[in-house]
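Trainee: Going by our numbering, the sequence shown opens with residue 31, and the numbers climb by one from there.
So that we are looking at the same thing, I have put the structure below in structure tokens.
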Amino acid sequence: MTGAAIYDASFAGPEVISMNMTGVMIVYSSLFARWGYIVTPQNLLLASCHASNVVAQSNQMRRAVEHKLANGETEQVNELALKAGVGAVGGLALIAAGPTIQTAVVAAGMGPVSALAAAEAGPFTVHFWAPMSKWLISGASFMDLDRPTDKVSLPQYTALTLTGLFFSRYAMLVAPVK
Numbered sequence: 031m032t033g034a035a036i037y038d039a040s041f042a043g044p045e046v047i048s049m050n051m052t053g054v055m056i057v058y059s060s061l062f063a064r065w066g067y068i069v070t071p072q073n074l075l076l077a078s079c080h081a082s083n084v085v086a087q088s089n090q091m092r093r094a095v096e097h098k099l100a101n102g103e104t105e106q107v108n109e110l111a112l113k114a115g116v117g118a119v120g121g122l123a124l125i126a127a128g129p130t131i132q133t134a135v136v137a138a139g140m141g142p143v144s145a146l147a148a149a150e151a152g153p154f155t156v157h158f159w160a161p162m163s164k165w166l167i168s169g170a171s172f173m174d175l176d177r178p179t180d181k182v183s184l185p186q187y188t189a190l191t192l193t194g195l196f197f198s199r200y201a202m203l204v205a206p207v208k
């Protein structure tokens, strides 16, 4: 994915950049960089690959924003900034309230829901959200279905398809280690 972003930044115009997908890729790679760092044993190669993708995708977002602003598409940039701001505030609020919510759900004795909330790789851990963020990529892809094909980055979607195939297999093999 990093290579595709660097390739597009070097050889493709900013009109192929999907601001939705680029934003999702920044969130996705941030989560996976953290996940690769905190798992046992650490996967520093995965963490560094995703950290480099955060940098590459941030550059792509910069290029897209500059292009949109230069072409008078300020409303689209403002809309994305608002979504990002709401998402960031909501995400930070959930992170801050996470331990309290988890304790309440576990203590509520709701059977499988409480068991899931207490799980070492459950929804209150990065082990759950890093892989689940793959769904964000699928959602962003669906949001671009009506995009003209000449405005789609073939390197980016090839990289996404390959990583999706790879992690579909990897997800069946990985298990959290205590």
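Where is the CB? At the ideal position from N, CA and C, for every residue including glycine.
Please read these numbers as outputs of a predicted model, since none were measured by experiment.
Give the straight-line distance between the Cα atoms of N108 and M91, rounded to the nearest whole angstrom.
Mentor: Cα to Cα, N108 sits roughly 13 Å from M91.
Trainee: For W159, collect the residues of the same chain with a Cβ closer than 7 Å to its Cβ; drop the 5 residues on either side in sequence, then sort them by chain order.
Mentor: L61
Trainee: Sort G53, Q186, M173 and P142 by Cα distance to G117 and report the nearest one.
Mentor: With distances taken between Cα atoms, G117 lies closest to G53.
Trainee: Select from E105, Q106, I56 and E96 the residue whose C-alpha is nearest the C-alpha of N83.
Mentor: I56
Trainee: Taking the Cβ atom as the reference point for each residue, do D6 and Q186 lie within a distance shorter than 8 Å?
Mentor: This structure gives no information on residue 6, because the portion of the chain shown stretches from 31 to 208.
Trainee: At the level of alpha carbons, what is the spacing between P142 and E45?
Mentor: 47 Å
Trainee: Taking the alpha carbon of A63 as the point to measure from, which residue in P178, A127, A189 and C79 has its own alpha carbon closest?
Mentor: C79
Trainee: Could you check if A100 belongs to the surroundings of the ligand SAH, using beta carbon to heavy atom distance under 7 Å?
Mentor: Looking at this structure, you won't find the ligand SAH or any other ligand, since it has none at all.
Trainee: Mind checking which residues open and close the alpha helix (DSSP H) that includes V69?
Mentor: That residue, V69, is in no alpha helix (DSSP H); it is neither H nor E in DSSP.
Trainee: Taking the beta carbon of R93 as the centre, do at least 16 other beta carbons fall within 10 Å, making it buried, or is it exposed?
Mentor: buried
Trainee: In the DSSP assignment, the alpha helix (DSSP H) including K164 goes from what residue to what residue?
Mentor: K164 to M173
Trainee: Return yes when the Cβ of A170 is within less than 8 Å of the Cβ of M51, no when it is not.
Mentor: Contact: yes.
Trainee: Within the same chain, show all residues whose beta-carbon is closer than 6 Å to that of A49, passing over the 5 residues directly before and after it, in chain order.
Mentor: Here residue 49 turns out to be Met, not Ala, going by the sequence shown. The answer, listed in chain order, is A94 and L110.
Trainee: Using three-state DSSP, classify P153 as helix, strand or coil.
Mentor: P153: coil per DSSP, three-state reduction.
Trainee: Of all the alpha helix (DSSP H) runs that stay within the bounds of the stretch 60-110, which reach a length of 4 or more residues?
Mentor: 74-100
Trainee: Using a Cβ-Cβ cut-off of 6 Å (strictly less than) and excluding sequence neighbours within five positions of D174, which residues of its own chain qualify?
Mentor: S48
Trainee: Here's the rule I'm using: 16 or more other beta-carbon atoms within 10 Å means buried, otherwise exposed. How should G120 be labelled?
Mentor: Classified as exposed, G120 has fewer than 16 neighbouring CB atoms from the shown chains inside 10 Å of its CB.
Trainee: The alpha helix (DSSP H) with S40 in it runs from where to where?
Mentor: T32 to F41
Trainee: Give me the residue from A138, A126, I167 and M140 with the minimum Cα distance to F154.
Mentor: A126
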